[in-house]
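Remarks on the structure that follows.
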Amino acid sequence: MLHFAYRLDEVAKTVDDICELEKYTQNYGLTNRDLGLYALKENKIAGAIWLRLLKEDDNANGYVNDNTPVLTIGVKPEFRGEGVGSSMLEQLILEAGSLYENISVSVLNNNKTVSYFEKFGFSKIEESLGKSPTDGTEVMTMIKAISKELVKRPSDGYDPRKWMD
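Basically the numbering used here = 1-based index in the sequence shown + 1102.
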């Protein structure tokens, strides 16, 4: 899904063409501080979203500090515009609240993309402009504070303990 998150399909490149992207996948999931989910639609993976704690020396777009994970989101082209990304982002924000106080994201510096993330409570970090490793397009970092109050579990009466013996 990193292929779609970094728009490689639009520039006819692969993840192997851009060594800077390795930091987003190498050893992913081997720590309890990595968090992610994927969306299925029509029995196909439609998209994925994940958080990754990076270090300052990773020199990554979206990096704020060692305690703020960087968000990556990718939706396959055939499922874009159907709410897949929004649904995944809403769920990930809920889940992230149990681990983190903030999350950051590197986005294309255009009104459409910035406005999309602002709807979810992200704010621009001034002086955070950089270049996308994909094609050199200008990107900026945005951050969202996550309130522990956001972390809620379903109130539909479901209790997983009653199924455990």
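Glycine residues also receive a C-beta, built at the ideal position from the N, C-alpha and C atoms.
Under 8 Å between C-beta atoms of residue i and residue j
{"i": "G1164", "j": "L1153", "result": "no"}
{"i": "A1107", "j": "G1183", "result": "no"}
{"i": "I1245", "j": "F1222", "result": "no"}
{"i": "F1181", "j": "V1207", "result": "no"}
{"i": "A1247", "j": "N1204", "result": "yes"}
Best match in the options for proximity to residue i [C-alpha to C-alpha]
{"i": "K1146", "options": "Q1128, A1162, K1246, M1103", "result": "M1103"}
{"i": "G1131", "options": "K1115, E1229, N1161, L1155", "result": "L1155"}
{"i": "K1143", "options": "S1230, V1209, L1231, G1185", "result": "G1185"}
{"i": "V1241", "options": "I1248, N1213, G1223", "result": "N1213"}
{"i": "S1230", "options": "V1209, L1110, V1113", "result": "V1209"}
{"i": "D1111", "options": "V1207, P1179, G1199", "result": "P1179"}
{"i": "T1239", "options": "S1249, D1168, T1215, N1167", "result": "T1215"}
{"i": "G1187", "options": "D1136, A1150, E1158", "result": "A1150"}
{"i": "V1136", "options": "Y1218, L1201, K1226, S1249", "result": "Checking the sequence, you will find Asp at residue 1136 rather than Val. It is L1201 whose Cα lies nearest to the Cα of D1136."}
Exposed unless 16 or more other CB atoms sit within 10 angstroms - verdict on residue i
{"i": "T1296", "result": "Because residue 1296 is not part of the residues shown, which for the chain are 1103 to 1267, the question remains open."}
{"i": "V1113", "result": "exposed"}
{"i": "T1088", "result": "No answer is possible for residue 1088: it lies beyond the span of the chain, which begins at 1103 and ends at 1267."}
{"i": "E1174", "result": "Reading off the sequence, residue 1174 comes out as Thr, not Glu. The residue is buried, with at least 16 neighbouring Cβ atoms inside 10 Å."}
{"i": "T1170", "result": "buried"}
Evaluate contact between the stretch 1225 to 1236 and the stretch 1112 to 1130, counting only Cβ atoms and requiring at least three cross-stretch pairs below 8 Å.
These segments touch.
What beta strand (DSSP E) runs, 3 residues minimum, are completely inside the stretch 1149 to 1178?
1172 to 1177
Extract the residue ranges of the beta strand (DSSP E) inside the stretch 1166 to 1252, only unbroken runs of 3 or more that lie entirely within it.
1172 to 1177, 1204 to 1210, 1240 to 1247
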